[in-house]
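Below: one structure, written as structure tokens.
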Amino acid sequence: MKKDAAKLELSEEAMRTYGYQIVDAIVDHHHTQKDKLPVALGSREEMDSIFLEEAPESPMDASEVLQFVLDKVMTNSTLVSHPKMYSFVPGPSNYVSVMADALATGFNVFSGGWVTSPSASELEIITVQWLLKIFGFPQKKGGGIFTSGGSMANLTALATARRVKCGQNFSKAIIYLSDQAHSSNIKAIRVLGFKKDQIRIIPTDLEFKFSINKLKSCISKDRLEGLQPFCVIASSGTTNTGTVDPLKELGKVCKQEDIWFHIDGAYGAAAILSPKGKQLLKGINKADSLTIDPHKWMFQPYEMGCLLVRNHKHLSHTFTEKPEYLRDIEGNTSEINFYDHGIQLTRRFRALKFYMSIKTFGLSAFREAIGYGIDLAEKVEAILRRSKSWEVVFPATMAIINFRFNPIGKSLSEEELDEINQYVSAKVVASREALLVTTILQGQVVLRMCLINPRTRLEDVKDTLNLCRKFANEFLEKKKVVS
Ligand SMILES: *Cc1c(COP(=O)(O)O)cnc(C)c1O
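Following this note's numbering, the residues of the sequence shown are numbered contiguously, the last one being 542.
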């Protein structure tokens, strides 16, 4: 393969060949991944044995490098778009957005300021408008920004909340979140420099919802102490169980108390596109800021998060700096420079994939795909309830189901149940057939399935449940032999 090394270029022909090889690899992967094992298990030693080397001074054939990467790198990554990837939050993705990302990268579009790329800024404005409408936020006054993910959206939100509610002095500021809130919120709070005693973790009720009574008590006590309650973080779809906090009631409390209301909808907010989700998410439009995470349940490839705000000025007031070298590109007020609305200056063109995939498939396809996941989890719940082996620990909510092996007539102790379910998960993962890990709910080890992949069929889940049962019985047999 010919290349002009000093310009970091390949010949035109070589560029085409190289590009087509990559497209072929992606398309092949898309069509064959369901037949691959989703779980990657390589240890550091194994990875070192494949990859460890000094940065090479001399060149190598581009196709050879590519082939090595396809053989060794791509095969040693867990397939988060695989139909049997049930854990954490799967990343179903979609091909149109994958290609859109290639295009954005290929043209290396700078999505920071209006002057460098009016179209990229405009598409971010337009797609944010779409989202504002979907979530019932004020369209004229509202605003938003795309981020690398939910964690960065939460960080952006909390920086904004603090600036708006506390100004410069936040030594007495107090922030409230539930024990089910995502860890990225605590990380963001720490990054922002809050001390531990400025954080209130409010216990949830038996359904894992934010307890309004406990929140109100805590806020009053803090006010009596002369502290400044300034922000509540609610979850609209917790990562563990899909539980939506009582958003309307929380919104009311925040309004009465003049507290910033942030909703972390990174997992579940997208469900608003389906009728069932819309019902569950009532009150989401009461937030001052809302994190959504298109690279989860809006089927975008990594990385894409988003923060929506009720008042776009809150973002610009928080993040605008005016250094002299950006003086010439300020633009007029309707021409948004997104570097003034968030943390990043240089930003990739994230809006493009969102725009192209929604234009190509239509919003109706997204609605259907989301509804499918919610229904699938409900079907799985029905199967589990009819079976003698399984106990539903938390009902299907927002496409998540929590259950455990607990066969009737065996009267196993809680310790044995924890042990057996931990064993089942470990064996399933070791088999590499499915990624199914446990979580802890009210002290019990449970298996958790997150079913947002529209390419996961009920048959896939049944397969996996059979595999689980096989390992569970194996465990019971072993116990018998020993005891
Ligand atoms: C995934 C998730 C996050 C973090 O989002 P990233 O995109 O992984 O940074 C935050 N909150 C909730 C509820 C999540 O599910």
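Heads up, the beta-carbon is just placed ideally off N, CA and C, and yes, glycines get one too.
When C-alpha distances from T350 are compared across T215, R75, Y398 and A65, the shortest belongs to T215. Of E533, I260 and V488, the smallest CA-CA separation from T137 is found for V488. Rounded to whole angstroms, I429 and Q188 show a C-alpha spacing of 21 Å. With contact defined as three or more Cβ pairs closer than 8 Å, the segment 190-197 and the segment 286-293 are not in contact. Not a single heavy atom of ligand 1 lies less than 6 Å from the C-beta of S152.
As a beta-bridge residue in DSSP terms, V451 pairs with F462. Closer than 6 Å to some heavy atom of ligand 1: that describes the Cβ of D352.
For D264, no pairing in a beta bridge is given by DSSP. Around the beta carbon of D323, 16 or more other beta carbons sit within 10 angstroms, so the residue counts as buried. If one requires a minimum length of 4 residues, the alpha helix (DSSP H) runs lying completely within the segment 358-416 are 371-378, in chain order. Taking the Cα positions, G201 is about 42 Å away from Y79. The segment 248-295 contains, as complete beta strand (DSSP E) runs of 3+ residues, the segments 258-261 and 287-294 (chain order). For V139, the number of other beta carbons within 10 angstroms of its own is at least 16, and it is reported as buried.
In the three-state reduction of the DSSP assignment, A232 falls in the strand class. A direct Cα-Cα distance of roughly 15 Å separates R407 from A212.
The beta carbon of S393 is closer than 7 Å to none in its chain, skipping five residues each way along the sequence. The nearest non-hydrogen atom of ligand 1 is less than 6 Å from the C-beta of G208.
At a Cβ-Cβ threshold of 7 Å, N461 and L517 do not count as neighbours. M119 is bridged by DSSP to nothing; it lacks a bridge partner. Each residue's CA atom was taken as its position, placing A328 and M144 some 21 Å apart.
In this model, L385 and S176 are separated by some 15 Å (Cα to Cα). In the displayed model, I343 falls within a helix according to three-state DSSP. The beta carbons of T377 and A218 sit closer together than 7 Å. Only residues of its own chain outside the window of five on either side were considered, and among them A99 and G101 have a CB closer than 6 Å to the CB of N135, listed in chain order. Under DSSP, D87 forms no beta bridge with any residue. Counting of Cβ neighbours within 10 angstroms places K268 among the buried residues, the total reaching 16 or more. Annotation: the continuous beta strand (DSSP E) that includes G202 extends over G202 to T206.
The three-state reading of DSSP puts V303 in strand, counting E and B together. In the three-state scheme derived from DSSP, where H, G and I count as helix and E and B as strand, T215 is classed as helix.
Inclusion of A325 in the 6 Å shell around ligand 1 follows from its C-beta lying nearer than that to a non-hydrogen atom of the ligand. Per the C-alpha coordinates, the member of P97, Q126, D94 and Y154 positioned closest to Y361 is Y154.
With a beta-carbon spacing of about 11 Å, I292 and A325 fall beyond the 8 Å limit used to define contacts.
The three-state reading of DSSP puts I511 in coil, since its state is none of H, G, I, E or B.
Look at V483 here: in three-state DSSP terms it is helix. Not one heavy atom of ligand 1 is found less than 6 Å from the C-beta of T137.
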